Amino acid sequence: MSTFSRFLPFLKPYLSRMALAGLLVMGVAAINLALLRLTGILWDVITVQRDQSRMTELLTLFLGLVVLQGFCSMGHSYLSAWVSQRIVADFRQHLFSHLQTLSVSFFARRRTGELLSRLMNDVTVIQSVATETPIETVKHLVTFVGGIAFLLAMNWRLCLLILFLLPLLVLVAKFFGRRLRLLSTSIQDHTAALSTLIEEVISGIRIVKSFVQTQREETRFAGQVEQTLTLTMRRASIMAVFIPVISLLTFSSAAAVLWYGGGQVIDGAVSPGDLFAFVLFAGILIGPFSSAARVFTQIKEAQGATQRVFEILDTHSDVSDSPTAIALPPVLGHIKAEHVSFAYDPRQPVLTDISFEAKPGELVAIVGPTGAGKTTMINLLHRFYDPTEGCITIDEQNLRHVTMDSWYRQVALVPQETILFGGTILDNIRYGNREATEANVVAASQAAHAHDFIMGFPDQYQTVVGEKGINVSGGQRQRIAIARAILKNPRILLLDEATSALDSESERLVQEALEQLMKGRTTFVIAHRLTTIQRADRILVFNKGCLVEAGTHAELLDKKGLYQYLYTLRLTELSS
1 MSTFSRFLPF LKPYLSRMAL AGLLVMGVAA INLALLRLTG ILWDVITVQR
51 DQSRMTELLT LFLGLVVLQG FCSMGHSYLS AWVSQRIVAD FRQHLFSHLQ
101 TLSVSFFARR RTGELLSRLM NDVTVIQSVA TETPIETVKH LVTFVGGIAF
151 LLAMNWRLCL LILFLLPLLV LVAKFFGRRL RLLSTSIQDH TAALSTLIEE
201 VISGIRIVKS FVQTQREETR FAGQVEQTLT LTMRRASIMA VFIPVISLLT
251 FSSAAAVLWY GGGQVIDGAV SPGDLFAFVL FAGILIGPFS SAARVFTQIK
301 EAQGATQRVF EILDTHSDVS DSPTAIALPP VLGHIKAEHV SFAYDPRQPV
351 LTDISFEAKP GELVAIVGPT GAGKTTMINL LHRFYDPTEG CITIDEQNLR
401 HVTMDSWYRQ VALVPQETIL FGGTILDNIR YGNREATEAN VVAASQAAHA
451 HDFIMGFPDQ YQTVVGEKGI NVSGGQRQRI AIARAILKNP RILLLDEATS
501 ALDSESERLV QEALEQLMKG RTTFVIAHRL TTIQRADRIL VFNKGCLVEA
551 GTHAELLDKK GLYQYLYTLR LTELSS
């Protein structure tokens, strides 16, 4: 219950409607009990008293109660569905919003399919228990309490026969429930793993086909499905025993009632109508017992789902605004890194004691062999991560002491892997500035030399790029991403291999656009292309997580160190 109590704040705005739905469902249950009692009276009026007028009156009352029950049922069904869907929508939005507050490191450790499973499947499981189950429980509680009250009033000895089996029912439910909870949690975990596998294969379908690994992926999928199926069948096996055992115990009680009550009818101590009503009451008590077993199973299943969802909500971002953080005013672009060190895993440092300075408007190139820490440095500059030691300042302000949004609004990133969203080209470029006019978008596209190829599409700027930009080429994606950055009009540019997907001609066009964009802006660029490196005001040479050299192109060549080696190697590759 402590786990489910955390869900109560999401129920609070809808408690009045849930209460009304509860009252309506209580009315349904109460009318149902009255109809059963009325049925017993009618039985005596028809078979014993044989009173025509009394029968007509009772039947009229019976039909009136049925109509009233129908209206109550319609009301509670609609209200229950409305409340249930609103709560799950609010909770999903809350969970989605929380996910967006988490740092990049969280998503680096998690698989997309697992997060999707928790956001969709687990929340749906919680929904039924948190919203539908309480209302149904109220209905069955009224049925049970009211039914017992009628039974006690009619014949307390017969009622005791039914109540005798209650402790046994509780013990049986507890025995099976423990096993059902463990299995349900395992099934949810395997379902999440299955979703992850599907997402990975679909996202990488070109690689799967190219490397002729369809059979391997089918085998992996079949194995995961088989494991999930095995667990599901184990749960089904337990349920196959659990429900019949509960039903057997309840029907045994009904049989005992018929045996004992039938004897009293034969002896004349009980009327046939009373026995008939009594049997009907005993029968509807099976409903709450059977539902209790089903609800118990749902609660155990939801416990695992709730723990998985709140595990995400209990996760806090590694990078967040400090309580004293201030909004960063428009910056000049003076960036300093002072003795910066960083590690994704404390056992394996990625950057060690990095210090450098970039003055406003400078173009700073970051070079080095693969795995030297270049992309990590870009991530630290953007503040996707915070340094484990040292600090990064912008215009003498420590990035830790300013709000992240105010910093992000002044930085534009063009990452190594260009990300486009599944809308139109216009939507993707405007992502950098939602208020931009179409004229602004066209101007940014022209600056990025993307306008001409965009106009070549039949739908031009309304062309749908497809999931992750699959409908446009790599070079086109790159130029759309650069247009998006241009439209944002940032003070700081971070380009992580921003021209890696372009051919020589496209690179020349984009470089011309970037030259205009870089004026008055501080730019950090990771690039292997010699033209970009040679133009840099400052070159930072990384190797094995250390800043080993820094200076201009000419200065670094004179040092005849790592830069000179990398530069000569690149020249050799180009000439061969």
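Position 202, counted from 1, in the sequence shown is what this note's numbering calls 202; the numbers after and before it change by one each time, with no gaps.
Quick reminder that beta carbons are idealized off the backbone N, C-alpha and C, glycines included.
This structure is a prediction, so every number in the text was calculated from the model and none was measured.
Asked                                                                                                                           : Found
Alpha carbon of P346 to alpha carbon of E555, nearest angstrom                                                                  : 35 Å
Contact under 8 Å by Cβ, T324 with S341                                                                                         : no
Check whether L11 and A130 have beta carbons under 8 Å apart                                                                    : yes
Own chain partners of T232 with C-beta closer than 8 Å, once the 5 adjacent residues on each side are dropped                   : I187
Nonlocal neighbours in the same chain, by C-beta distance under 7 Å from F453, ignoring five residues either side               : Q476
DSSP three-state assignment for N489, whether helix, strand or coil                                                             : coil
8 Å CB neighbourhood of V123 in its chain, flanking five on each side removed                                                   : V88, F91, R92, L95, A305 and V309
Identity of the residue in F421, Y431 and T403 nearest A412 by Cα                                                               : Y431
Inter-stretch contact at 8 Å, needing at least 3 Cβ pairs: the region 431 to 444 / the region 385 to 405                        : no
Beta-carbon spacing of H334, D395 below 8 Å                                                                                     : yes
Neighbour-count burial assignment, L151, 16 or more Cβ in a 10 Å radius                                                         : buried
R409 versus L68 - alpha carbon distance                                                                                         : 60 Å
Alpha carbon of T143 to alpha carbon of V83, nearest angstrom                                                                   : 23 Å
CA-to-CA distance, F276 to S252, given in whole angstroms                                                                       : 17 Å
W156 at chain D interface by Cβ criterion, 8 Å                                                                                  : Judged by its chain identifiers, the structure shown contains no chain D, having just a single protein chain.
Host alpha helix (DSSP H) of L363 (start-end)                                                                                   : Taken as a continuous stretch (DSSP letters only), L363 belongs to no alpha helix (DSSP H), being part of the beta strand (DSSP E) at L363 to V367.
For A343, three-class secondary structure by DSSP                                                                               : coil
Within 8 Å, strictly: CB atoms of F524 and L381                                                                                 : yes
Beta carbon of L420 nearer than 8 Å to that of V465                                                                             : yes
Rounded distance between the beta-carbons of V28 and S73, thought under 8 Å                                                     : 5 Å
Exposure label - R216; buried when at least 16 CB within 10 Å                                                                   : exposed
DSSP three-state assignment for A412, whether helix, strand or coil                                                             : strand
Collapsed DSSP secondary structure at N121 in the structure displayed                                                           : helix
Contacts around I126, its chain only, beta-carbon distance under 6 Å, and the 5 residues preceding and following it disregarded : A302, A305 and T306
Distance, P244 Cα to P272 Cα                                                                                                    : 30 Å
Local Cβ density within 10 Å of K139, reported as buried at 16 or more and exposed below that                                   : buried
Opposing strand residues paired with I425 [DSSP bridges]                                                                        : BP columns for I425 are empty, so no partner.
G361 to H553 span [Cα, whole Å]                                                                                                 : 18 Å
Length of the line joining the Cα atoms of I202 and L493                                                                        : 33 Å
A550 (DSSP reduced to helix, strand or coil)                                                                                    : strand
Unbroken stretches of the alpha helix (DSSP H), 4 residues or longer, contained in the region 383 to 409                        : 404 to 408
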